[in-house]
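Listed in order, the protein sequences are those of chains A and B.
Per my numbering: the first sequence ends with 676, consecutive numbering throughout.
Per my numbering: the second sequence ends with 676, consecutive numbering throughout.
To start, the structure under review is shown below, and the notes come after it.
There are 2 protein chains.
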Amino acid sequence: MSRNHAIEFQPTGCRGVCKEDQSILECARKLGVDILSLCGGSGTCGKCRVQLLSGKTSAVTSNELDRLSVPERANDFRLACQAYCLGDAKIHVPAESFSTQQRIQVEGLELSCRPDPSVRFFSVKPPRPTLTDHRADDQRVLDELEKQQQTAFHTVDLEVLREASSILRSSKWEVWAGIRGDEVVGLWSRDIPPLGLAIDLGTTKIAAYLVDLHDARTLASKGAMNPQISFGEDVMTRLVRAKLSGEDAVRLSKMISEEINRLCTDLCAESGADPKQIVDAVVVGNTAMHHLFLLLPVHGLSVSPYVPTVRYPLDLKAREVGIRIAPGAYVHFLPNVAGFVGADHVATLLATSAWQTHDVVLVMDIGTNTEICLIRSGNKTSVSCPSGPTFEGAHIKHGMRASLGAIEHVRLVEDRVEYVTIGGGRPVGLCGSGILDAIAQLRLAGIVDSSGRIGDHALVRDHNGQREFVVVGEDERAGREAITVTQQDVRQLQLAKGAIAAGIRVLLEAAGCSGEEIGMVIIGGAFGSYIDIASAITIGMLPDLSPDHFIQVGNTAGLGAKLALVSLAKRKEAASIAREVAYIELAAFPGFAQIFAQSTLLGRACFHSGETNGN
Amino acid sequence: MSRNHAIEFQPTGCRGVCKEDQSILECARKLGVDILSLCGGSGTCGKCRVQLLSGKTSAVTSNELDRLSVPERANDFRLACQAYCLGDAKIHVPAESFSTQQRIQVEGLELSCRPDPSVRFFSVKPPRPTLTDHRADDQRVLDELEKQQQTAFHTVDLEVLREASSILRSSKWEVWAGIRGDEVVGLWSRDIPPLGLAIDLGTTKIAAYLVDLHDARTLASKGAMNPQISFGEDVMTRLVRAKLSGEDAVRLSKMISEEINRLCTDLCAESGADPKQIVDAVVVGNTAMHHLFLLLPVHGLSVSPYVPTVRYPLDLKAREVGIRIAPGAYVHFLPNVAGFVGADHVATLLATSAWQTHDVVLVMDIGTNTEICLIRSGNKTSVSCPSGPTFEGAHIKHGMRASLGAIEHVRLVEDRVEYVTIGGGRPVGLCGSGILDAIAQLRLAGIVDSSGRIGDHALVRDHNGQREFVVVGEDERAGREAITVTQQDVRQLQLAKGAIAAGIRVLLEAAGCSGEEIGMVIIGGAFGSYIDIASAITIGMLPDLSPDHFIQVGNTAGLGAKLALVSLAKRKEAASIAREVAYIELAAFPGFAQIFAQSTLLGRACFHSGETNGN
């Protein structure tokens, strides 16, 4: 029998019971305290730092000795995944250990397309039954529709049939019917504005949009963290969990449907709508999220050559995937391209098609995986670059996600660091754009060379056997550890930016074209809209083109989902895009190792074939 | 807190626990002892007689005083629905109180149609994935099918997708695909014989047929009692239960899907098949069974003008209605005609179409409801006659269903009764055909007159204030009560046969034709195949035509279901039949009350308009 202890988390004040065989991390999750964890609780990411305010906990583990500094250990800091309560305890969760409060980009450029939704609405007034007209309810509606539309509709969704009789009678035989193809997918007793739901299902974030299907207007949008994060930050951890345990696979899938339902309820509350008004939905996500949500086998995605189970678009009843909207509504899943080029990339290409006005265009969505498409004379070729979670702040000593207190911009002004934090308050760590900025500034100042080595400088110090550049000193942090960029951090960024740059190089080489021919670079995705393009050019992550070549367009995947939601023509276009896109598996590209090694160098580059950058 | 007592049922020897607040009937059901109950446990049908062998039970109720004879009460007979255990008890269930062991007709004439099933099978050998061919699993299969069939297939069922990856790999990339329309509904690793399941869902019985879809051969057939009987024998009781309680509605629906799954498992075991081989199913049933199974609202069916919710045929995923066969399989529900003319009648008309060789044909399915169709020059008109459960032995003093020991045939030979029982053993009661025979014999012998009054005869006696004819005397029954036909029983039969005869008269009158014009009477259904046609003519239930006009064809509804299962053309024909059939609501037919009154008279009749029968 395991014993129970009272536990309290600060500053949220959340209280509950912690079992002795339950780590503080597990307990926090159960109580709804969202503590960050990138490694899934294995003690290796060091992100789940908490401070013991009172009470007794289990002994410090070797993982903690590796991850926690001496002052931290002296101040009772622990990794929540490694510590167990041995009595009642009070725990402080520092801001940087919270996984919520994160900035989630849901905004994007607005829609510009003629609404042509999959569900059409008709007013129907069937006659009441009498002793001589004893037709069934379904027949009354379908006969009336046929008379009105001069075509026969044959099917009524089973759930719609189940509520049809009462709706017909309560509405006094005057209803509105929603038709999809030749199927009645909804009956309403009044003329509701038909709504649609667009979902961009990301590895880290889920963005949801409530759209009026009549005029394609976005009524409300909202983002949430992907709750699967509690199973581990990166896709591969989740794929392996789903592969090893059917139960975990079901749990991972349910986490998504439940979060979508929550978002849907919130969006409706905000807009004064009812989820039953939502007659259609579109989901886009990377292939792994797509498969995890649909409980599809993920073995193929976790081993080379990374073959997905499903590429084709799917039309499924919303209820079959656990989404609670109108009873007969469908969810359309946009098609995937390959194991690591998913429906979100297809949605991005759909959304950005309007801006692809040049002969050579690069469309990229920067994230844990960065998908890049080179479009040349209409021919599309894509790659997926494993840029890793560096831009989410993972594997970076003082990295954090773009939450309150994250340093998002850094400038070196006469050997002094100036920075901007999210929310403008005291700094707690560096988010992706901050790390990118910092290293670009170090490179510009010559503190870091093209190989990434940190040289000497007043702000450079040796600490715990590693060179590091101090962004915010201890003095400024009231005695807490300084925020620094370490040699190891620079290496991490080189790997991330190298993956992206190598992807661009492979695409150019395969198309036989040079970086200078690129007429436009369209950058989508949350991270992509916050980065400083000049910094990205400085370190050679993006080609050295003039600023007017770049366009940062926000959440293009979400925008693509909205387009596919309001327009059947756009949905068709998405299917064509997925068919047309040629996919290059980087690992199989001749000479890739060399291209990648070259791409890790820090410095402006034109992305010519054979060019050595870092000059 | 209710106390528990040990209970034992004989002769089955079934033992268990009986709670004090649980009637013996409820307890028996929980333990799987199928005690007959027609009234749903309200103490009014008197069918659930059991004998207390030892132990103490609650006091005898007024319902029991009405239903149990003095000798029965003296011998500790109780109504199981009225009695509660007050201590450990041993209970004897007499043969006539068992609802199982009943003869269920599953046989019918064999199929004669060209197989043209909805699912077609193709062998597919997609190439394995490589580093340069990283197409998704679904695409591999669909591309290969397209190459082979020169048409594009777009959809793979979600459940099939979920198991596709492992089937493709375990079969070494050589699979068989089952296609329905343009959807892949199954993948198999070997060339299985594709099977289909036909279900005739009756109020009392469920008949199931396992059919080879290649050659339309019936591999196995099996019947079971409809488990909804525990909610009450007649349809209306169940409709009201479903209407009043959503929970009961769900339970009634689940009872059906679970019984179908049991039948399916048994049929497969018998044929050495796997339920996953079953790629298609067809269900026919009366409108009430159809609605109860599909959890459709039944309010309309329970009040005049008896409007169903659904008339159109439905194609639903088997899993959506709880039937466990091949993962992507559909169930086709044949269309209904009206509130009391269901898909089973459509199936009967489909099955009997081959025999409808005369200009005027009567097709009837005799049961609790008797559906009759008059076909004249191809024009079909149907009525539903509320013949009631008399033919199932209900509301008849010594009535019982066609189980072991039921008297099924009766002859009066020189003032002596000869009879035949089912199974040939000792008589326990009269089943429908026995009652029909007995009353026809009484009418022939002049013991009963055309008004139904029992006159004087050596075997007629007054008993408990009622006249009755003794079929089996006390002496022959070792002291147990005599089996008799009472004046009340004759009245019951008059109502039942009157309903049928009135239905035929209305059809003839509406068509403006006389009984003599009928070229053929096709009688389907279990009861219809056991009745003595001569007896039915004698009492005026069927028109007075020569014997070669009648054909008793067995379970035509089941046969129709099988036809619709193996042939898409037949499925289409069924939809046409349902559309073509004109329905007459008897209650609304001018002069119906008079027609009905006239039809209750006992005696041969030609069913001329305005004729007075009983001569």
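We treat Cβ as the ideally placed atom computed from N, Cα and C, and that holds for glycine.
Since this is a predicted model, take the numbers as computed values, not measurements.
Please classify residue i: is it buried, with 16 or more other beta-carbons within 10 angstroms of its beta-carbon, or exposed?
{"i": "Asn287 of chain A", "result": "buried"}
{"i": "Asn674 of chain A", "result": "Confidence at Asn674 of chain A is low in this model, with a pLDDT of 47, below 50, so the placement of that residue should be treated as unreliable; the coordinate-derived value is given next. The residue is buried, with at least 16 neighbouring Cβ atoms inside 10 Å."}
{"i": "Ser445 of chain A", "result": "buried"}
{"i": "Ser306 of chain A", "result": "exposed"}
{"i": "Arg251 of chain A", "result": "exposed"}
{"i": "Met297 of chain A", "result": "exposed"}
{"i": "Ser158 of chain B", "result": "buried"}
{"i": "Val364 of chain B", "result": "exposed"}
{"i": "Gly263 of chain A", "result": "buried"}
{"i": "Gly123 of chain B", "result": "This sequence places Ser at residue 123 of chain B; Gly is not what is there. Exposed."}
{"i": "Gly485 of chain B", "result": "exposed"}
{"i": "Ser596 of chain A", "result": "buried"}
{"i": "Val185 of chain B", "result": "buried"}
{"i": "Pro132 of chain A", "result": "exposed"}
If you draw a straight line from the C-alpha of residue i to the C-alpha of residue j, how long is it?
{"i": "Ile436 of chain A", "j": "Val424 of chain A", "result": "8 Å"}
{"i": "Gly169 of chain A", "j": "Tyr591 of chain A", "result": "Note that Gly169 of chain A scores a pLDDT of 48, beneath 50, so its modelled location is shaky; the value from the coordinates is reported in the next line. The straight-line gap from Cα to Cα measures roughly 13 Å."}
{"i": "Ile584 of chain B", "j": "Ser231 of chain B", "result": "52 Å"}
{"i": "Gly383 of chain B", "j": "Pro336 of chain B", "result": "13 Å"}
{"i": "Ala67 of chain A", "j": "Pro155 of chain A", "result": "20 Å"}
{"i": "Arg110 of chain B", "j": "Arg312 of chain B", "result": "26 Å"}
{"i": "Gly559 of chain A", "j": "Ile386 of chain A", "result": "43 Å"}
{"i": "Val521 of chain A", "j": "Gln655 of chain A", "result": "31 Å"}
{"i": "Ala34 of chain A", "j": "His360 of chain A", "result": "The displayed coordinates of chain A run from 62 to 676. Any statement about residue 34 of chain A would go beyond what the structure contains."}
{"i": "Leu411 of chain A", "j": "Lys117 of chain A", "result": "56 Å"}
{"i": "Leu377 of chain A", "j": "Val392 of chain A", "result": "5 Å"}
{"i": "Leu274 of chain B", "j": "Leu206 of chain B", "result": "21 Å"}
{"i": "Ala238 of chain A", "j": "Val368 of chain B", "result": "20 Å"}
{"i": "Tyr145 of chain A", "j": "Ile544 of chain A", "result": "28 Å"}
Rank the options by C-alpha distance to the C-alpha of residue i and give the top, closest one.
{"i": "Gln527 of chain A", "options": "A:Glu294, A:Gly263, A:Ala654 and A:Thr547", "result": "A:Thr547"}
{"i": "Arg201 of chain B", "options": "A:Thr370, A:Thr661 and A:Pro178", "result": "A:Thr370"}
{"i": "Leu624 of chain A", "options": "A:Cys174, A:Cys88 and A:Gln112", "result": "A:Cys174"}
{"i": "Ile240 of chain B", "options": "B:Leu300, B:Ile228, B:Lys186 and B:Pro178", "result": "B:Pro178"}
{"i": "Ile290 of chain A", "options": "A:Leu274, A:Ala225 and A:Ile317", "result": "A:Ile317"}
{"i": "Ile598 of chain A", "options": "A:Gln553, A:Cys106, A:Val531 and A:Ser660", "result": "A:Ser660"}
{"i": "His419 of chain B", "options": "B:Cys142, B:Met581, B:Arg278 and B:Ala349", "result": "B:Met581"}
Report all residues from its chain with a CB closer than 6 Å to the CB of residue i; omit the five preceding and five following residues, and keep chain order.
{"i": "Asn676 of chain A", "result": "Legend: pLDDT at Asn676 of chain A = 41, less than 50; position of this residue unreliable, no value from coordinates given."}
{"i": "Ala399 of chain B", "result": "Tyr644"}
{"i": "Ile468 of chain A", "result": "Tyr480, Thr482, Pro488, Leu491 and Gly495"}
{"i": "Ser575 of chain A", "result": "His669"}
{"i": "Pro388 of chain A", "result": "Glu220 and Val221"}
{"i": "Lys283 of chain B", "result": "Ala269, Leu324, Asp327 and Leu328"}
{"i": "Phe452 of chain B", "result": "Gly493 and Phe588"}
{"i": "Thr429 of chain B", "result": "Thr264 and Pro450"}
{"i": "Gly586 of chain A", "result": "Asp426, Ile427 and Gly428"}
{"i": "Arg76 of chain A", "result": "Glu69"}
{"i": "Thr413 of chain B", "result": "Val424, Ile583 and Thr617"}
For residue i, collect the residues of the same chain with a Cβ closer than 8 Å to its Cβ; drop the 5 residues on either side in sequence, then sort them by chain order.
{"i": "His195 of chain A", "result": "none"}
{"i": "Thr326 of chain A", "result": "Pro336"}
{"i": "Glu224 of chain B", "result": "Leu248 and Pro388"}
Leaving out the 5 sequence neighbours to the left and right, which residues in its chain are closer than 7 Å to residue i when beta-carbon positions are compared?
{"i": "Gln163 of chain B", "result": "Low per-residue confidence applies at Gln163 of chain B: pLDDT is 41, beneath 50, and the placement is therefore not dependable enough to give any value."}
{"i": "Cys106 of chain A", "result": "Ser98, Leu99, Cys100 and Ala455"}
{"i": "Arg552 of chain B", "result": "Gly513"}
Does the structure place the region 538-546 of chain A close enough to the region 563-580 of chain A that three or more beta carbon pairs sit under 8 Å? no
Say whether the region 609-623 of chain B touches the region 262-278 of chain B, bearing in mind that this needs 3 or more beta-carbon pairs closer than 8 Å, one atom from each stretch. yes
Say whether the region 341-350 of chain B touches the region 625-637 of chain B, bearing in mind that this needs 3 or more beta-carbon pairs closer than 8 Å, one atom from each stretch. yes
Does the region 123-138 of chain B touch the region 87-98 of chain B, meaning 3 or more C-beta pairs lie closer than 8 Å? no
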